[in-house]
Amino acid sequence: MLDPIPLLESWPGLGPGNHSKSAEKHNYMIWSLATTVKELIKRIDDQDRVIQEQKQLIETLTSNQTKQNEISAFSYSNLVASFGKKSETDLVLLAKVHSELKEKSRIERNIIISGLDECVGSSDAEKELNEKAIVDEVLVELKISNDKVKRRTRLRKRGVENNDPSKPSLLLVEFTDSISKTMALANSPQLKRNTKFKNIYVNSDKTMAERAAEAQLRQKRNEMNRDLPFTEGILRYGVNEKNNKRFYWGIRDGRLVQLEPREIMNFKTRIQKQKTNIKNKKKKLNQSSINNYLKCFETNATSLVNKLNELQIIINTYVQNVIAITETWFNNKSNRSINNYTSYIKDRGEMAGGGVALFIRNDVDSCEVDDIRLQNTSGEQVWCQLNISEERILIGAFTGLLP
Numbered sequence: 421m422l423d424p425i426p427l428l429e430s431w432p433g434l435g436p437g438n439h440s441k442s443a444e445k446h447n448y449m450i451w452s453l454a455t456t457v458k459e460l461i462k463r464i465d466d467q468d469r470v471i472q473e474q475k476q477l478i479e480t481l482t483s484n485q486t487k488q489n490e491i492s493a494f495s496y497s498n499l500v501a502s503f504g505k506k507s508e509t510d511l512v513l514l515a516k517v518h519s520e521l522k523e524k525s526r527i528e529r530n531i532i533i534s535g536l537d538e539c540v541g542s543s544d545a546e547k548e549l550n551e552k553a554i555v556d557e558v559l560v561e562l563k564i565s566n567d568k569v570k571r572r573t574r575l576r577k578r579g580v581e582n583n584d585p586s587k588p589s590l591l592l593v594e595f596t597d598s599i600s601k602t603m604a605l606a607n608s609p610q611l612k613r614n615t616k617f618k619n620i621y622v623n624s625d626k627t628m629a630e631r632a633a634e635a636q637l638r639q640k641r642n643e644m645n646r647d648l649p650f651t652e653g654i655l656r657y658g659v660n661e662k663n664n665k666r667f668y669w670g671i672r673d674g675r676l677v678q679l680e681p682r683e684i685m686n687f688k689t690r691i692q693k694q695k696t697n698i699k700n701k702k703k704k705l706n707q708s709s710i711n712n713y714l715k716c717f718e719t720n721a722t723s724l725v726n727k728l729n730e731l732q733i734i735i736n737t738y739v740q741n742v743i744a745i746t747e748t749w750f751n752n753k754s755n756r757s758i759n760n761y762t763s764y765i766k767d768r769g770e771m772a773g774g775g776v777a778l779f780i781r782n783d784v785d786s787c788e789v790d791d792i793r794l795q796n797t798s799g800e801q802v803w804c805q806l807n808i809s810e811e812r813i814l815i816g817a818f819t820g821l822l823p
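Position one of the sequence shown corresponds to residue 421 (my numbering), numbered consecutively onward.
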């Protein structure tokens, strides 16, 4: 059966641009579901591991008891004397399992926040107040009420003062219930949307044994990556013999796995690819903008002053981005405005007749162009530039011959 977790991890994002609320909600729900399921799977794996250790302990105790019974002659006095006696190895194993279970129970409502800058202040009380404020901001992003926090503390080595602001100490947050912890982990990807918290990460708290196991796993990963034969930038990679794809070793859900080529790209390559994709999208938008987006209407009005109502009906019926009109017959006393449009007008002032006008919808970026090369004619004219994505489009309304 196909494991759904890697599929959810590689689920494509929405990408740049504006998206509908339903699409954003759907994408957020998928990520939240993936994080919640991963947390539950991890809990089940931990419980399975503890159960396996307990089974081994029971088998060891049973085996030792059987051996003792085989060696010693049966008597009630021997039975009473030997009952409850365990070897030193058994006692150490029991104590280890008990300690691990106790520690897991103690930290089951904890999260670790890394990358959160340490607050400064003139006194410890001021530092504490500032840190509470910034933690509350993080909780808002995680959609957790601050009254769900039982305690919070910085994890520092005893007797060591952290003076490096680029490496803030880890922050431990204990919630009043495990549901709040699960929600915080599920909502942690939302921190990347806030530029203030984009370098902050939220993870489950770990026992000492789990931290030691993870350290060994990271060491093993580094050793395996060092043995890979090929190099790209600062990374080494290998080629899978089955599918001929590049890979390097990484850690996912407590396991060493081969990561796909799309994750091997260095930072500069990823940025360049993103820029190329955005540029291609803009290019497609630009090619379709003039044909599909830019809608124009032009007419020789022969006195627009008396036909503004007719023009308004046309605009209401057929939405136009650009309206070009000649023979407006505007003068200094004429009403020259149309709602939701920017007007560019040239008329004859106090004289009657003539006149040209451009009306550009306010949602189109435009500006008037006054170039001497366009004015070298005896006709009346007005020009403006439309800025659509990266395109610059020159629009004009004129009478007579162009230069």
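Glycine residues also receive a C-beta, built at the ideal position from the N, C-alpha and C atoms.
Keep in mind it's a predicted model, so treat the numbers as computed, not measured.
I'd like the span of the alpha helix (DSSP H) that includes residue i, first residue to last.
i, result
"A606", "598-607"
"L549", "544-561"
"N642", "628-646"
Tell me which residue opens and which closes the beta strand (DSSP E) that residue i is part of.
i, result
"A777", "776-781"
"T737", "Here T737 belongs to no beta strand (DSSP E); instead the alpha helix (DSSP H) covers 728-737."
"R574", "569-575"
"A772", "Neither: A772 is in no beta strand (DSSP E) and is coded neither H nor E."
"R672", "666-672"
"T651", "650-652"
"D785", "785-788"
"F595", "590-595"
"R656", "655-659"
"L814", "811-818"
"W803", "801-808"
"A744", "742-746"
"N848", "The shown model of the chain, from 421 to 823, leaves out residue 848, and the question about it has no answer."
"E718", "716-720"
If residue i and residue j are in contact, beta carbons under 8 Å, what's the gap, nearest whole angstrom?
i, j, result
"L591", "I527", "Their Cβ separation, rounded to whole angstroms, is 14 Å, which puts L591 and I527 out of contact at 8 Å."
"F750", "L724", "7 Å"
"T602", "E520", "The Cβ separation is near 21 Å, so there is no contact."
"G535", "P588", "7 Å"
"A817", "A772", "The Cβ separation is near 19 Å, so there is no contact."
"N755", "L714", "Wrong, their Cβ atoms sit about 26 Å apart, outside the cutoff."
"R641", "L676", "6 Å"
"D597", "R529", "6 Å"
"V517", "L562", "Incorrect: roughly 33 Å between the Cβ atoms, too far for contact."
"F779", "I743", "4 Å"
What number of angstroms, rounded off, separates the C-alpha of residue i from the C-alpha of residue j?
i, j, result
"S586", "N660", "38 Å"
"I531", "Q474", "27 Å"
"L814", "Y761", "17 Å"
"W803", "S442", "42 Å"
"E668", "R571", "Sequence inspection shows Tyr at residue 668; the Glu mentioned does not correspond to that position. Going from the Cα of Y668 to the Cα of R571 covers about 40 Å."
"Q621", "I758", "Note that residue 621 is Tyr in the sequence shown here, rather than Gln. When rounded, the distance between both Cα atoms is 52 Å."
"E788", "R613", "38 Å"
"E652", "T509", "49 Å"
"I654", "N619", "21 Å"
"R812", "K766", "22 Å"
"C539", "V558", "14 Å"
"E374", "L514", "The question about residue 374 has no answer, for the chain in this structure spans 421 to 823."
"G769", "Q801", "14 Å"
"S763", "T615", "39 Å"
"R666", "T573", "42 Å"
"N663", "A454", "27 Å"
"T737", "E718", "15 Å"
"I471", "N550", "44 Å"
"K568", "I671", "31 Å"
"E643", "E680", "19 Å"
"M685", "I599", "A caution first: M685 carries a pLDDT of 49, below 50, which makes its placement in the model unreliable, though a value can still be read off. The alpha-carbon atoms of M685 and I599 are separated by roughly 36 Å."
"S440", "L806", "27 Å"
"V784", "L611", "34 Å"
"T482", "K462", "30 Å"
"G752", "F617", "One detail in the question is off: residue 752 reads as Asn in this sequence, not Gly. N752 and F617: Cα-Cα distance of roughly 56 Å."
"S786", "A721", "23 Å"
"T819", "G775", "9 Å"
"D468", "L460", "12 Å"
Between residue i and chain B, is any beta-carbon pair separated by less than 9 Å?
i, result
"R631", "Looking for chain B here will not work: only one protein chain is present."
Quick check: the stretch 643-661 against the stretch 545-559, are at least 3 beta-carbon pairs closer than 8 Å? Per the Cβ contact rule, the stretch 545-559 is not in contact with the stretch 643-661 (fewer than 3 Cβ pairs under 8 Å).
Kindly confirm or deny that the stretch 600-616 and the stretch 630-643 touch, where touching means at least three C-beta pairs closer than 8 Å. no
Which runs of the alpha helix (DSSP H) fall wholly inside the stretch 459-483 and span at least 4 residues, in chain order? Counting only runs of 4 or more, we get nothing.
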